Amino acid sequence: MSETMSTNEGNKLPLNGRRAIPPNYSNDEENEVPEMEAFGLIPRGFNPRDYLRVVDIYMFKEPQEINKQEHHTDKYYNPKLIVRRGQAFQIQIDFNRPYKPETDQFWLEFLMGRYPQQNKGTYIPILVGNVIKPGQWGAKIIHRENNSIRLSIMSSATCIIGKFRFYVAVLTPYGILRTRRNSATDTYILFNPWCQLDAVYLDDEKEREEYVLNDVGIIFHGNVEDVKSRSWSYGQFEENILDACLFLMDKAELELSGRGNPIKICRVASAVINSRDENGVIAGSWNNSYDYGVAPSAWTGSVDILLEYYSSKQPVRYGQCWVFAGVFNTFLRCLGIPARLITNYSSAHDNNANLRLDFFLDDEGKVDTRLTKDSVWNYHCWNEAWMTRPDLPVGFGGWQVVDGTPQETSDGMYRCGPASVQAIKHGHVCFQFDAPFVYAEVNSDIFYTRVEKNGTQVVEKIDTARIGQLIVTKEVGGDGMVDITEEYKFREGSDEERLALETAVMYGVKKQSIQDTTYQPQTDVDMDFQAQKAVLGNDFKVTITFRNKSRNSYTATTYLSGNIVFYTGVTKSEFKKHSFSAKLEPSSSISFDIVIKSSEYMSDLLEQASFHFFVTARINETGKILAVQKAIMLEIPTLRIKTKGELVAGKEASVIVEFTNPLKQTLENVTLRLEGPGVLRTIKKQFGRIPMNSTLTWEVKFFPMRPGLRKLIASLNSDALRHVYGELNVQIQKP
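For the sequence shown, counting from 1, position 103 maps to 122 in the working numbering; every step adds exactly one.
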């Protein structure tokens, strides 16, 4: 058999002076494989029926059969064979007569794409031998009975992943006889975190169950003082999701031969998850208007988004960081790459990666929104994928940051990663890909700089502790939160932290030293700002406390500015201005309360119900400025979910979702969504309006699909109120 499979004369390849074969990046396209490949002239009396002939092939592809059980692929809602690479699987071949090893010769062929080639890993011929070696292609007969043989087939631990076509070829004196094209024998081969030879091998079974097999997760949002969580349905095993994920690689034009490499797959996927280049999966929108699309907060999981994209081939509207990260997590887990979703609280979006965010103040100490370009996101979500990094020095494998949210371009496209978490922690930001950007997201300092009338810049305060002060993910095997800040950075102020910073600067991360600017802070007065727990639609109070540690009396002219902000820290509008003069007695503390009324903020409120307070105080006697800023999230009411009667797989059940409108206004254009992987497909319902204080009840009848512990997730979305969620763990009995 030739190196490149011959195509019929009618399918002549287009001529191209640069390459013999056109690029091969569609897993869907096929070539025609001849059923009889003659070696020359065929004598007249030749009858293929005289030779060994394949009558039937069994792939053992049912969820309860050996292959899907041993390969941990029994959860995929897909009728075809799905196996993981580097691990043996079994098939049975029925011939027209008993197989005679002395005279009969046959082999197996796996093919992918339009132009299969052996040296590209897209044409794989497998001879049947007596032994199979771990992690290398091979096959051996493990059972013979009458006209049937059972084979154990081993795939390579580095083979490309995707959907292969399968043929059995029999050698006759006059040519090769092949089985007919039969899509029922198509075989998906995925990454294998259970195989020590695979680049994504993960050695802890509990972690594999969480990071590969768990189809629901928790997204942490809110802010550092007020961490909130919500469930997200990854749904990586749902119908057509595997094909949709393979389509993403076709869309990103990743050569088939590169699809065995998790580094390449992560890099192209981080670009194709967002729509900024080449019409990727999700269009981002951060401006609070979501015409002709779904508000980011309304999605309850990835399945609807991926299926809509797979059928329409057009970006799905709209997403923000947790939506990009949720869909990216589905993609990675679906292909078998261990993955988890990360939240970084107080995440720096630094426009020039110089490790400093500049907040400019005017003469009086108020923030100058015209000059201030950098922003602090209340939180930002990205993903970590687990893999070895043979392209980096030893020690930088393990968790890698990948980020599908379009923030900055990398090599000309909106993408980020994979960047080694270990390299970020130690400041080795010279190693690909995009480590300096991630390093800045978790390590920048905030500079408060006053711009005088003549243009001189005076640094009034430097906050080194705020950015990246909490980095979290969901715990393994539960819904709790794990603090993983220490995996990204050494303890603030430690020698190791200093050293990591110096290393990062040496490798080109820009950092201005304090000496470049005049900086003499007021050290003998502290100012603190606290807010009481605030419920959406209610008044609440904030408290400013001064502590004068000196023996002098001071007066402080104090400004409070309350802003309604996007969760990205960008201001939409200032809703509260308040100024007062504070008399600070020697060696004493004094507090001032300020009431924030709901009537002041409700009309302009954005969906994440997020405020940002800036407080600046000028000590009149010294001219020095104190500054503090804080983000505050309002408590948003939740949906209540309950089920009626007992839940049995395949039997009708009903679930009830309830919501009471707590606002002093009617909610318009209300949409509810409900989904649960393995329980029910997403259901949407529109409600016109919910008057204030009234309760909405929605009952849904459904047939639970699979037994086991499952989760129902619901969201409510309306013009005035978003980010309303509810969830319920349900145990579905076997019938």
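We put the CB at the ideal spot given by N, CA and C, even for glycine. The structure presented is a predicted model; accordingly, all values stated were derived computationally and were not measured.
Alpha carbon to alpha carbon, how far is residue i from residue j?
{"i": "PRO412", "j": "VAL667", "result": "52 Å"}
{"i": "TYR134", "j": "ARG278", "result": "15 Å"}
{"i": "LEU376", "j": "ILE465", "result": "5 Å"}
{"i": "ILE751", "j": "THR657", "result": "24 Å"}
{"i": "GLY312", "j": "THR92", "result": "34 Å"}
{"i": "LEU747", "j": "ILE660", "result": "6 Å"}
{"i": "LYS730", "j": "MET131", "result": "37 Å"}
{"i": "ARG517", "j": "PRO540", "result": "22 Å"}
{"i": "VAL772", "j": "VAL300", "result": "This structure does not reach residue 772, given that the chain is present from 20 up to 754, and the question cannot be answered."}
{"i": "VAL749", "j": "LYS643", "result": "58 Å"}
{"i": "LEU196", "j": "LEU71", "result": "9 Å"}
{"i": "PRO696", "j": "GLY254", "result": "5 Å"}
{"i": "SER202", "j": "MET78", "result": "12 Å"}
{"i": "VAL477", "j": "SER610", "result": "28 Å"}
{"i": "THR701", "j": "ASP410", "result": "41 Å"}
{"i": "TRP305", "j": "HIS742", "result": "14 Å"}
{"i": "SER366", "j": "GLU224", "result": "32 Å"}
{"i": "PRO153", "j": "ASP269", "result": "30 Å"}
{"i": "MET432", "j": "ASP123", "result": "54 Å"}
{"i": "GLY745", "j": "ARG249", "result": "8 Å"}
{"i": "SER175", "j": "ILE655", "result": "51 Å"}
{"i": "MET20", "j": "GLU56", "result": "Interpretation of MET20 is limited by its pLDDT of 46, a score under 50 that renders its predicted location unreliable; the figure taken from the coordinates is listed afterwards. Straight-line Cα distance between these residues: approximately 9 Å."}
{"i": "GLU128", "j": "ILE145", "result": "6 Å"}
{"i": "HIS597", "j": "VAL386", "result": "14 Å"}
{"i": "LEU489", "j": "ASP502", "result": "7 Å"}
{"i": "THR26", "j": "GLU49", "result": "Low confidence applies here, because THR26 scores a pLDDT of 41, under 50, leaving its location unreliable and the question unanswered by this model."}
{"i": "GLY497", "j": "LEU360", "result": "14 Å"}
Please name the residue, chosen from the options, that lies closest to residue i on a Cα-to-Cα basis.
{"i": "ASN307", "options": "HIS742, ALA553, LEU682 and PHE585", "result": "PHE585"}
{"i": "THR577", "options": "PHE599, ASN557 and LYS560", "result": "PHE599"}
{"i": "VAL524", "options": "GLY181, GLU81, THR198 and VAL448", "result": "VAL448"}
{"i": "PRO281", "options": "ALA646, ILE356, ASP502 and GLY695", "result": "ILE356"}
{"i": "PHE185", "options": "MET500, ILE110 and ILE702", "result": "ILE110"}
{"i": "ALA454", "options": "TYR467, GLY474, VAL470 and GLU427", "result": "GLU427"}
{"i": "THR204", "options": "TRP213, LYS80, THR177 and LYS152", "result": "LYS80"}
{"i": "GLN155", "options": "ARG104, SER45 and VAL189", "result": "ARG104"}
{"i": "LEU351", "options": "TRP405, PRO425 and SER331", "result": "TRP405"}
{"i": "ASP547", "options": "GLU229, PHE565 and VAL561", "result": "PHE565"}
{"i": "SER330", "options": "PHE266, TYR398, ALA739 and ARG469", "result": "PHE266"}
{"i": "THR407", "options": "GLU671, TYR118, ASP612 and ASP217", "result": "ASP217"}
{"i": "THR714", "options": "SER606, VAL689, PRO754 and LYS560", "result": "VAL689"}
{"i": "LYS182", "options": "GLU228, ALA263, ILE615 and ASN165", "result": "ALA263"}
{"i": "LEU691", "options": "PHE706, VAL698 and GLN684", "result": "PHE706"}
For a test of the three-state rule: what should DSSP assign to residue i, helix, strand or coil?
{"i": "ARG72", "result": "coil"}
{"i": "CYS285", "result": "helix"}
{"i": "ASP547", "result": "strand"}
{"i": "HIS368", "result": "strand"}
{"i": "PHE722", "result": "coil"}
{"i": "VAL187", "result": "strand"}
{"i": "LYS480", "result": "strand"}
{"i": "THR26", "result": "Bear in mind that the predicted position of THR26 carries a pLDDT of just 41, short of 50, making it unreliable; the figure below should be weighed with that in mind. It is coil, neither helix nor strand."}
{"i": "GLU460", "result": "helix"}
{"i": "ILE324", "result": "helix"}
{"i": "GLY417", "result": "strand"}
{"i": "GLY277", "result": "helix"}
{"i": "GLU229", "result": "helix"}
{"i": "THR177", "result": "coil"}
{"i": "PHE466", "result": "strand"}
{"i": "LYS204", "result": "For the record, residue 204 in the displayed sequence is Thr; it is not Lys. Helix, per DSSP."}
{"i": "MET500", "result": "strand"}
{"i": "THR388", "result": "coil"}
{"i": "ASN50", "result": "coil"}
On the DSSP letters alone, give me the boundaries of the alpha helix (DSSP H) that residue i sits inside.
{"i": "ASN402", "result": "Premise fails: ASN402 lies in the beta strand (DSSP E), 394-406, not in any alpha helix (DSSP H)."}
{"i": "GLY345", "result": "340-354"}
{"i": "HIS90", "result": "First-last for HIS90: undefined, no H or E at that position."}
{"i": "HIS445", "result": "440-445"}
{"i": "THR803", "result": "Residue 803 lies beyond the range of the chain shown here (20 to 754); nothing can be said about it."}
{"i": "LYS270", "result": "260-270"}
{"i": "SER618", "result": "617-620"}
How would you write the range of the beta strand (DSSP E) that residue i sits in, first residue to last?
{"i": "PHE378", "result": "375-380"}
{"i": "GLN155", "result": "Segment: none, GLN155 is in no beta strand (DSSP E) and carries neither H nor E."}
{"i": "THR504", "result": "Looking at the DSSP string, THR504 is not in any beta strand (DSSP E); the run it does join, the alpha helix (DSSP H), is 504-507."}
{"i": "LYS730", "result": "727-736"}
{"i": "TYR744", "result": "743-751"}
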